[in-house]
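Asker:
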Amino acid sequence: MRKEKTKAPPTECHYQGGISFHKSNGQHILKNPMLVDSIVQKSGIKSTDIILEIGPGTGNLTKKLLEAGKSVIAVELDSRMVLELQRRFQGTPFSNKLKGFHSKPLRTWNPCFILP
Ligand SMILES: C[S@@+](CC[C@H](N)C(=O)[O-])C[C@H]1O[C@@H](n2cnc3c(N)ncnc32)[C@H](O)[C@@H]1O
Numbered sequence: 003m004r005k006e007k008t009k010a011p012p013t014e015c016h017y018q019g020g021i022s023f024h025k026s027n028g029q030h031i032l033k034n035p036m037l038v039d040s041i042v043q044k045s046g047i048k049s050t051d052i053i054l055e056i057g058p059g060t061g062n063l064t065k066k067l068l069e070a071g072k073s074v075i076a077v078e079l080d081s082r083m084v085l086e087l088q089r090r091f092q093g094t095p096f097s098n099k100l101k102g103f104h105s106k107p108l109r110t111w112n113p114c115f116i117l118p
């Protein structure tokens, strides 16, 4: 009798919602809407705030930040996530409030902001 080969479960990344997440890059998305609401509430964001979000992932927190603030600048290491972010908010009232950037890790990133 021929033995079926069984695949070992992936350890480095796992598949979820169309994107495989790389745990080594800290890719764990926020799934609990109450937790997301609590983060935004405790951050005391005002409707005039421009928010810098590092590592938006697929945008669960980003959505709430967009609702709360004036605009969001999202900097993400993984280009797949940036694409997903753009897809998610394309054609919504938030599309012009969000600037998504693909960037190398912050260690090598040298942001330059001109603040009003
Ligand atoms: C915890 S996950 C994202 C959680 C997301 N905010 C949410 O609401 O579900 C962290 C994200 O940060 C990104 N990331 C990790 N290191 C980074 C870095 N140095 N610069 C920018 N993004 C980074 C990962 O690719 C990942 O998408």
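The sequence shown maps to residues 3 to 118 in the working numbering.
All C-beta atoms, glycine included, are put in the ideal place defined by N, C-alpha and C.
1) Which residue marks the beginning of the beta strand (DSSP E) containing K101, and which one marks its end?
2) Taking only the alpha-carbon atoms, compute the straight-line gap between N62 and N98 and give it to the nearest angstrom.
3) When the Cα atoms are used, what is the spatial distance from I75 to I56?
4) Following a CB-centred definition, is I56 positioned closer than 8 Å to any heavy atom of ligand 1?
5) Check each candidate in I31, E69, V38, G102 and name the one with the smallest Cα separation from L87.
6) Starting from the C-beta of G20, find all residues in its chain whose C-beta is less than 6 Å away, skip the five residues before and the five after it, and write them out in chain order.
7) Measuring only the C-alpha atoms, how far is T94 from I31?
8) Applying the criterion that 16 or more other CB atoms from any shown protein chain within 10 Å of the CB defines a buried residue, is M83 buried or exposed?
9) Within a Cβ cutoff of 6 Å, which residues of the same chain sit near T50, ignoring the five residues on either side of it in sequence?
10) Exposed or buried, what is E69 when buried is set at 16 or more other beta-carbons lying within 10 Å of its beta-carbon?
11) Which residue's Cα is closest to the Cα of F91: N34, K66, L79?
Answerer: If we stick to the structure as given:
1) 100-104
2) 17 Å
3) 8 Å
4) It does: the Cβ of I56 is within 8 Å (strictly closer) of some heavy atom of ligand 1.
5) Nearest C-alpha to L87: G102.
6) none
7) 22 Å
8) buried
9) K72
10) exposed
11) Looking at N34, K66, L79, the one whose alpha-carbon comes closest to that of F91 is K66.
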